[in-house]
Amino acid sequence: EDQVTQSPEALRLQEGESSSLNCSYTVSGLRGLFWYRQDPGKGPEFLFTLYSAGEEKEKERLKATLTKKESFLHITAPKPEDSATYLCAVLGETSGSRLTFGEGTQLTVNP
Amino acid sequence: DAGVTQSPTHLIKTRGQQVTLRCSPKSGHDTVSWYQQALGQGPQFIFQYYEEEERQRGNFPDRFSGHQFPNYSSELNVNALLLGDSALYLCASSQGQVLDNQPQHFGDGTRLSIL
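First to last, the sequence lines map onto chains A and B.
Anchor point for the first sequence: position 12 equals 0 in my numbering, and the numbering is continuous, going up by one each time.
Anchor point for the second sequence: position 13 equals 632 in my numbering, and the numbering is continuous, going up by one each time.
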């Protein structure tokens, strides 16, 4: 059974203070690892897909990296508008089309 | 380009009642998946519909059922509602049944409260 653990549960940063969110996963044959952003009262918004260890993707202040056991979402010089819950999900070889999500990291960036 | 749309946005029901939630996929998408998200938790997969058939199902009881129409829109039905069914119900669409190269795109969900 696929498993995803995200840490920390919550993170509070000052504007401009860079940090990283962690997503540890257990899956039988990774087909894809997905990062989503979710604002309160909204659905998850797709950010990145990573497929293989060593892969990196960037979008504005966000950079996602992948190893064989975990993924990191690096946030460089965050702004208050980056405040949201960040969700990680995996798709394994035996998953079909079923995404398995972690519980998310709630990020708050103070001005 | 319209994204995934869900209706209604909020719904209040009492225990034992039945509810139907609706979803229109993103333009060009033909596959719809439903997820349940409890407060403070990640989404949990309920089932997926492709070509008007349920293709995959998560660990949810038979009280949860669905349907997909020829225009790719979908409904989620829940019978005999329990207090524990209170959650945000999310619809996600994608192109094709296999997700390897196509991420799922989510709607903003229906907030279901059971009294």
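No residue lacks a Cβ here, since even glycine has one placed at the ideal position from N, Cα and C.
Identity of the residue in the options nearest residue i by Cα
i, options, result
"LEU734(B)", "CYS710(B), GLU673(B), LEU702(B) and GLN714(B)", "LEU702(B)"
"GLN721(B)", "ARG25(A), THR37(A) and TYR24(A)", "THR37(A)"
"PHE22(A)", "SER16(A), CYS11(A) and GLY29(A)", "CYS11(A)"
"GLY4(A)", "SER(-5)(A), SER71(A) and LYS57(A)", "SER71(A)"
"GLY20(A)", "LEU95(A), GLU91(A), THR93(A) and CYS76(A)", "CYS76(A)"
"LYS67(A)", "LEU9(A), GLY31(A), THR96(A) and GLU(-11)(A)", "THR96(A)"
"GLU(-11)(A)", "LYS57(A), LYS51(A), LEU50(A) and THR14(A)", "THR14(A)"
"ARG674(B)", "VAL623(B), LEU658(B), TRP653(B) and ALA706(B)", "TRP653(B)"
"GLU(-3)(A)", "ALA65(A), TYR74(A) and LYS45(A)", "TYR74(A)"
"ASN(-8)(A)", "GLU48(A), PHE60(A) and THR88(A)", "Per the sequence presented here, residue -8(A) reads as Val, with Asn not at that position. Checking every option, the nearest Cα to that of VAL(-8)(A) belongs to THR88(A)."
"HIS724(B)", "LEU707(B), LYS645(B), GLN625(B) and PHE683(B)", "LYS645(B)"
"GLU658(B)", "LEU707(B), VAL623(B) and SER713(B)", "Reading off the sequence shown, one finds Leu at residue 658(B), where the question assumed Glu. Comparing Cα-Cα distances from LEU658(B) to each of LEU707(B), VAL623(B) and SER713(B), the minimum goes to LEU707(B)."
"LYS56(A)", "GLU43(A), GLU48(A), LYS47(A) and ARG49(A)", "GLU43(A)"
"LEU1(A)", "GLU69(A), GLU91(A) and GLU48(A)", "GLU69(A)"
"VAL694(B)", "LEU700(B), PRO680(B), CYS710(B) and PHE679(B)", "Note that residue 694(B) is Glu in the sequence shown, not Val. The residue with the shortest Cα to Cα distance from GLU694(B) is CYS710(B)."
"THR53(A)", "LEU9(A), GLY84(A), GLU33(A) and PRO28(A)", "LEU9(A)"
"PHE679(B)", "ILE631(B), VAL697(B) and GLY635(B)", "VAL697(B)"
"PRO662(B)", "ASN98(A), THR64(A), VAL78(A) and PRO99(A)", "VAL78(A)"
"GLN625(B)", "ARG634(B), SER643(B) and THR633(B)", "SER643(B)"
"ALA41(A)", "PHE60(A), SER83(A) and PRO99(A)", "PHE60(A)"
8 Å Cβ cutoff met for residue i and residue j
i, j, result
"THR729(B)", "THR628(B)", "yes"
"LEU35(A)", "THR93(A)", "no"
"GLY31(A)", "ASP727(B)", "yes"
"GLU81(A)", "GLY17(A)", "yes"
"HIS103(A)", "LYS51(A)", "The displayed coordinates of chain A run from -11 to 99. Any statement about residue 103(A) would go beyond what the structure contains."
"ARG86(A)", "GLY677(B)", "yes"
"GLN656(B)", "ILE665(B)", "no"
"GLU91(A)", "GLN660(B)", "yes"
"SER692(B)", "VAL623(B)", "no"
"LEU630(B)", "LEU700(B)", "no"
"THR64(A)", "SER6(A)", "yes"
Query raised in the report: Taking three-plus beta-carbon pairs below 8 Å as touching, is the stretch 667 to 674 of chain B in contact with the stretch 683 to 697 of chain B?
Result: yes
Query raised in the report: Does the stretch 17 to 36 of chain A touch the stretch 633 to 640 of chain B, meaning 3 or more C-beta pairs lie closer than 8 Å?
Result: no
**Report entry** Within the stretch 635 to 707 of chain B, ranges of the alpha helix (DSSP H) (whole runs, at least 4 residues)
**Finding:** none
**Report entry** Cβ-based contacts, 7 Å cut-off: residues of the stretch 19 to 44 of chain A near chain B
**Finding:** So the close ones are ARG19, GLY20, PHE22, LYS30, GLY31, PRO32, PHE34 and THR37.
Query - Chain-ordered residues of the stretch 72 to 91 of chain A with a beta carbon less than 7 Å from chain B - result: LEU75, LEU79, GLY84, SER85, ARG86, LEU87, PHE89, GLY90 and GLU91
Report task. Could you pull out every unbroken beta strand (DSSP E) segment of at least 3 residues lying fully inside the stretch 20 to 52 of chain A, listed in chain order? Result -> 33 to 38 and 44 to 47
Query raised in the report: When you check each C-beta in the stretch 644 to 661 of chain B against every C-beta of chain A, which residues fall closer than 9 Å?
Result: THR650, SER652, TYR654, GLN656, GLY659, GLN660 and GLY661
Report task. Below 9 Å between beta carbons is the criterion; list the residues of the stretch 677 to 689 of chain B that meet it against any residue of chain A, in chain order. Result -> GLY677
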